[in-house]
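To start, the structure under review is shown below, and the notes come after it.
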Amino acid sequence: MTEQNELFAPSREITEKALIKDYDTLYRRSIEEREAFWAEEAGKLGWYKKWDRVLDSSQKPFYKWFTGGKINIVHNAIDRHVATWRRNKLALIWEGEPGESRTYSYHALNREVCKFANILKSMGVKKGEIVTIYMPQIPELPIAMLACAKLGAAHSVVFGGFSVDALSARIRDANSRVVITADGGFRRGKVVDLKGTVNEALKDAPTVEVCIVIRRTGHAVTMESDRDFWFHELMGLPIATSKCETEVMDAEDPLFILYTSGTTGSPKGLVHTHGGYAVYTSSTMRNVFDLREEDRYWCTADPGWITGHSYLVYGPLINGATLVMYEGAPNHPYPNRWWQMVEKYGVSILYTSPTAIRGLMRFGEQWPRRHDLSCLRLLGSVGEPINPEAWRWYHRVIGGGRCPIMDTWWQTETGGFVITPLPITPLKPGSATKPYFGHEPAIVDDDGNELAPGQEGHLVLKAPWPGMARTILGDPERFRKTYWSAYEKQGWYKAGDSGRKDKDGYFWIIGRTDDVIKVSGHRLGTAEIESALVSHQDVAEAAVIGVPHEVKGQAIHCFVILKHRKVGSRELEEELKAHVSRQVGALARPEKIDFMDALPKTRSGKIMRRVLKARALGQDVGDISTLEE
Ligand code: WTA
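Going by the working numbering, the letters in the sequence shown line up with residues 231 to 859, in that order.
See the structure below:
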């Protein structure tokens, strides 16, 4: 990527009304008096009891925030609003792929969350346990998350696109006793058979005693008596009353576990908390999206990923926003589906991914042109670097040249935005611009020396922030090693991304430096795909890399050594692709599989993916002195 000098200044319309009009002053203050800044942000929330300390660094890198404080995120996301006029404000507008829609006021959302929580309570769900949720994008998904949080149980949402093994591994790791799912969901006009997947996964998840099933598609599913319960039947029972106390939690009590891929081994369950996470997601949401009471905000992410947790559910609800949620594919039945929805619901803020933009861009301008998109005020992008061409299309065609694009860089681990513009920030297409308040990101070399403008290096975060993940479930040592050991002396967080900072202090994120692949913005680890391949009877060894892809950002390219006497063929390639889809999920389906006689390895037996990558891209393989003979 070459340095962009193109600058998009915000309009007067935007700057005059913006919540934050002077970034530099507030930023400086947020660094010089970091704790005071966060205390002020925390003060905007409702606490049962105020915290004693803003930040406790005594056991770093296991930082604690707002210790001594008592809070529940649901108290902030719902209870506080129903006590005001907002009780009658729309909280959620939902549209299913077949076209039906449902709306919930804050009052209705509260009622449904209470009823759901009472059902969970009757199933014995208690503070401290972890409930696994595996659902399509229907209102019951956020309702289930909120119901767990209300009772003080942590939720672990597993993206509905993951398959049997991925799901059962996550249920086992979390020791879940209760699983919430649906019979299925709709995607491109077809039924996704979620309950079938759950049934298979539960064969390998002995801790599960209860499975609550929401009826969505109505297709025939197998229900196991004594374990599986229809949600609509439970909702009809006298226990499902519409009043339920919100549990008082310590600020540091876990709110949720979210599994994400890393370099090695199994996905890690990152732990986020009630207090710091609520402060962080609400602050970033309000300031970056310049949230106003009358906004209609649509985040297209699935709640199964961190973007859905922080900026579809918690960040917007804590701010009392009206959010839009959609179940299905962007191009179903036609490529104008999203634009039709923007017009229909009067969406003013749209937050999506570069992959979606590139995908919709391919269908041509005529689709968005058919709709009046003048209701849009702000746009957002997340998940991967946005290429300037897609940025300009998004800005010109969707935003009518009028809407600033908030290119937000962050991670499952960070809980919320870290490097991001504000609406008043002059924008450079392809740059996530500058740090959010309280953050000190830097681009450094292996030894921690800060690099000169324009030079590529590791992205580190020098200071802790309230939304940071606290640990990896059951494996604090892995947490310390993965994120904090590379710059232990300095006490910096290593993000695992490379990037550059230009002479104006703008950050340009390049991509992951580890073995994480972002396929359509979805985070996958090479290790998961490799172990899926090796689990096939004909495969002896496998190596996986990410290669650039025009729409998906990155695509999966596999190198496979077959067991003796087996020969590679088109059929076997197709079979292996299908095998990976079945094992991990359709999102992990490889683009290409090459059959090899040997894989490049170091003398200690480590596969040199760098060499495979260079070869696949027709580049110089670089230093291969460590390569085995
Ligand atoms: C990438 C998603 C460039 C990055 C919220 C990061 C981005 C990883 C951007 C985290 C962006 C996310 N520009 N790259 N605006 N946003 N990334 O955990 O590589 O699914 O490390 O969180 O996505 O992915 P995750």
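Glycine included, each C-beta is placed from N, C-alpha and C at the ideal position. No experiment lies behind these values; they were computed from the predicted model shown.
Closer than 8 Å: is that where the CB of residue i sits relative to any heavy atom of ligand 1?
{"i": "R753", "result": "yes"}
{"i": "I616", "result": "yes"}
{"i": "K433", "result": "no"}
{"i": "R588", "result": "no"}
{"i": "R700", "result": "no"}
{"i": "D637", "result": "yes"}
{"i": "K748", "result": "yes"}
{"i": "Q641", "result": "yes"}
{"i": "W621", "result": "no"}
{"i": "T511", "result": "no"}
{"i": "A725", "result": "yes"}
{"i": "A662", "result": "yes"}
{"i": "W535", "result": "yes"}
{"i": "G735", "result": "no"}
{"i": "R592", "result": "no"}
Compute the beta-carbon to beta-carbon distance between residue i and residue j, rounded to the nearest angstrom, for a pair I have assumed lies under 8 Å.
{"i": "Y717", "j": "S661", "result": "The Cβ separation is near 24 Å, so there is no contact."}
{"i": "K733", "j": "T552", "result": "Contact doesn't hold; Cβ gap of about 41 Å is too wide."}
{"i": "H539", "j": "F486", "result": "7 Å"}
{"i": "G506", "j": "F296", "result": "6 Å"}
{"i": "M515", "j": "N549", "result": "6 Å"}
{"i": "P230", "j": "I786", "result": "Outside the displayed span of the chain (231 to 859) sits residue 230, for which this structure offers no information."}
{"i": "L606", "j": "I628", "result": "7 Å"}
{"i": "Y253", "j": "I654", "result": "6 Å"}
{"i": "E670", "j": "I261", "result": "6 Å"}
{"i": "W268", "j": "I301", "result": "With 8 Å as the limit, W268 and I301 do not qualify as a contact, their Cβ atoms being about 14 Å apart."}
{"i": "S604", "j": "T582", "result": "About 18 Å separates the two Cβ atoms, so there is no contact after all."}
{"i": "V746", "j": "L691", "result": "Actually they do not touch by this definition, with Cβ atoms about 17 Å apart."}
{"i": "L580", "j": "L542", "result": "Their Cβ separation, rounded to whole angstroms, is 12 Å, which puts L580 and L542 out of contact at 8 Å."}
{"i": "A762", "j": "V814", "result": "5 Å"}
{"i": "I368", "j": "E342", "result": "That belief does not hold up - the Cβ atoms of I368 and E342 are roughly 12 Å apart, past 8 Å."}
For residue i, count neighbouring C-beta atoms within 10 Å of its own C-beta (all shown protein chains included) and say buried if the count is 16 or more, exposed if not.
{"i": "A450", "result": "exposed"}
{"i": "V764", "result": "exposed"}
{"i": "L467", "result": "exposed"}
{"i": "M231", "result": "Here the model assigns M231 a pLDDT of 44, short of 50, so the residue's position is not dependable, and the following value carries that caveat. Exposed, because fewer than 16 other Cβ atoms sit within 10 Å of the Cβ of M231."}
{"i": "P683", "result": "exposed"}
{"i": "L237", "result": "exposed"}
{"i": "S455", "result": "exposed"}
{"i": "N517", "result": "buried"}
{"i": "H462", "result": "exposed"}
{"i": "Q596", "result": "exposed"}
{"i": "H264", "result": "What sits at residue 264 in the sequence shown is Arg, not His. That one is buried."}
{"i": "N340", "result": "buried"}
{"i": "D727", "result": "buried"}
{"i": "G534", "result": "buried"}
{"i": "V797", "result": "exposed"}
{"i": "K658", "result": "buried"}
{"i": "A266", "result": "exposed"}
{"i": "K822", "result": "exposed"}
Output needed for residue i: all residues of its chain with C-beta closer than 6 Å, excluding positions within five of it in sequence on either side, in chain order.
{"i": "E614", "result": "P584, K748, G751 and G783"}
{"i": "I469", "result": "N348 and S352"}
{"i": "H809", "result": "H766"}
{"i": "L656", "result": "The displayed chain sequence assigns Pro, not Leu, to residue 656. Counting only Cβ-Cβ distances below 6 Å, and skipping sequence neighbours, we find L237 and A239."}
{"i": "Q720", "result": "G678"}
Which residues in the same chain as residue i place their Cβ atom closer than 7 Å to its Cβ, once the five residues preceding and following it in sequence are excluded?
{"i": "R632", "result": "S241"}
{"i": "Y510", "result": "G645, G646, W695, P696 and G697"}
{"i": "L847", "result": "V777"}
{"i": "G298", "result": "W281, D282 and R283"}
{"i": "A770", "result": "I791, L792 and K793"}
{"i": "G391", "result": "G815, A816 and L817"}
Give me, in chain order, the residues of the same chain whose beta-carbon lies closer than 8 Å to that of residue i; leave out the 5 immediate sequence neighbours on both sides.
{"i": "A699", "result": "L500, V501, H502, T642, E643, T644, G645 and F709"}
{"i": "Y293", "result": "L285, D286, S287, P694, M698 and R700"}
{"i": "Q289", "result": "none"}
{"i": "F593", "result": "N561 and P565"}
{"i": "R812", "result": "S393 and V394"}
Report task. Tell me, please, whether the region 571-589 touches the region 610-626 by the rule of three or more beta-carbon pairs shorter than 8 Å. Result -> yes
Query raised in the report: Any contact of the region 307-316 with the region 417-435, i.e. 3+ C-beta pairs under 8 Å?
Result: Segments in contact, no.
**Report entry** Inter-stretch contact at 8 Å, needing at least 3 Cβ pairs: the region 353-361 / the region 418-429
**Finding:** no
Report task. Check whether the region 756-763 touches the region 489-500, counting contact only when three or more Cβ pairs, one atom from each stretch, lie closer than 8 Å. Result -> Two segments are said to touch when three or more pairs of C-beta atoms, one from each, lie closer than 8 Å; by this definition the region 756-763 touches the region 489-500.
Requested in this report: Evaluate contact between the region 379-388 and the region 357-368, counting only Cβ atoms and requiring at least three cross-stretch pairs below 8 Å.
Outcome: yes
Query - the region 320-329 / the region 395-413 touching (three or more Cβ pairs under 8 Å) - result: no
Query raised in the report: Counting Cβ pairs, one atom from each stretch, are 3 or more of them under 8 Å apart for the region 440-448 and the region 411-418?
Result: yes
**Report entry** Cβ pair count under 8 Å reaching 3, the region 367-383 against the region 472-483
**Finding:** yes
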